[in-house]
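Notes for the one structure printed next.
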Amino acid sequence: MARRAWLPLVLVLAGACPAWADGTLPGKLSADDRQRLEAFDSVRGEAIGAARESDDKAALATLDQILSGRPEAIRGATDLAGDWRCRVAKLGGNLPLVVYDWSRCRITDDAAGLRLEKVSGSQRTAGTFYDDANAERLTYVGALYYGYEGKPKPYGRDAERDQVGYLVRVGRDRLRLEFPSPRFESQFDIMELERAR
Numbered sequence: 011m012a013r014r015a016w017l018p019l020v021l022v023l024a025g026a027c028p029a030w031a032d033g034t035l036p037g038k039l040s041a042d043d044r045q046r047l048e049a050f051d052s053v054r055g056e057a058i059g060a061a062r063e064s065d066d067k068a069a070l071a072t073l074d075q076i077l078s079g080r081p082e083a084i085r086g087a088t089d090l091a092g093d094w095r096c097r098v099a100k101l102g103g104n105l106p107l108v109v110y111d112w113s114r115c116r117i118t119d120d121a122a123g124l125r126l127e128k129v130s131g132s133q134r135t136a137g138t139f140y141d142d143a144n145a146e147r148l149t150y151v152g153a154l155y156y157g158y159e160g161k162p163k164p165y166g167r168d169a170e171r172d173q174v175g176y177l178v179r180v181g182r183d184r185l186r187l188e189f190p191s192p193r194f195e196s197q198f199d200i201m202e203l204e205r206a207r
């Protein structure tokens, strides 16, 4: 039976409980990654504070733009698939704030679920989104890979590459994917996505 055919029935039977796209999410995550998500709010606040110490006025203005917009309901959204342009801001850590140039990202929605892949740039990510108990966000489970490697690595193969985060919608054509406590360089990463024209 096609996923789209049985998904509404699952949602009805589940009631108010979140419906995971691929099994029970907590069982997929390492204890360390569960801890990263649990500390999300505190790490985010600390990292934004650290970023505000930057002397780079242009980067600070860009960060304000990235952080603008209030989260909207995203669970059950059917229009996320497609091509997006994306850029990453790294907050705290080695430097207070670094904002990278735009790259290309793609979201697909098929039998494998709702997936993201950053398809250009030297540092890339690929992973799957899962429903969250909070209707204004989706949980992201993926892994870092590098452009020269050619192929994404699945979550769980290398703990140093594993990534978790939350996706929020802040406009019809704007998303924000936020990564708490990345393994390298920074304290908090934010990927801004805008619908490609």
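Residues 11 to 207 (the working numbering) are what the sequence shown spells out, left to right. Just so you know, even glycine gets a beta-carbon here, dropped at the ideal spot from N, CA and C.
**Request:** Tell me whether Ser191 is buried or exposed, calling it buried when 16 or more other Cβ atoms sit within 10 Å of its Cβ.
**Result:** buried
**Closest by C-alpha distance to Gln133, when choosing among Ala121, Thr118, Val98** = Val98
**Prompt:** Hey, Glu146 and Ala83 are a contact pair by Cβ (cut 8 Å); roughly how many whole angstroms apart?
**Reply:** 6 Å
**Message:** Just to confirm, is the Cβ distance from Pro106 to Ala68 under 7 Å?
**Reply:** no
**Alpha carbon of Val178 to alpha carbon of Arg54, nearest angstrom** = 14 Å
**Item:** For Tyr176, the residue or residues it bridges with in DSSP
**Value:** Thr149, Glu188
**Prompt:** Looking at the unbroken alpha helix (DSSP H) that takes in Lys67, where does it start and where does it end?
**Reply:** 67-77
**Request:** Please classify Ala61: does DSSP put it in a helix, a strand, or coil?
**Result:** helix
**Prompt:** Between the C-alpha atoms of Gly123 and Asp66, what's the straight-line distance to the nearest angstrom?
**Reply:** 39 Å
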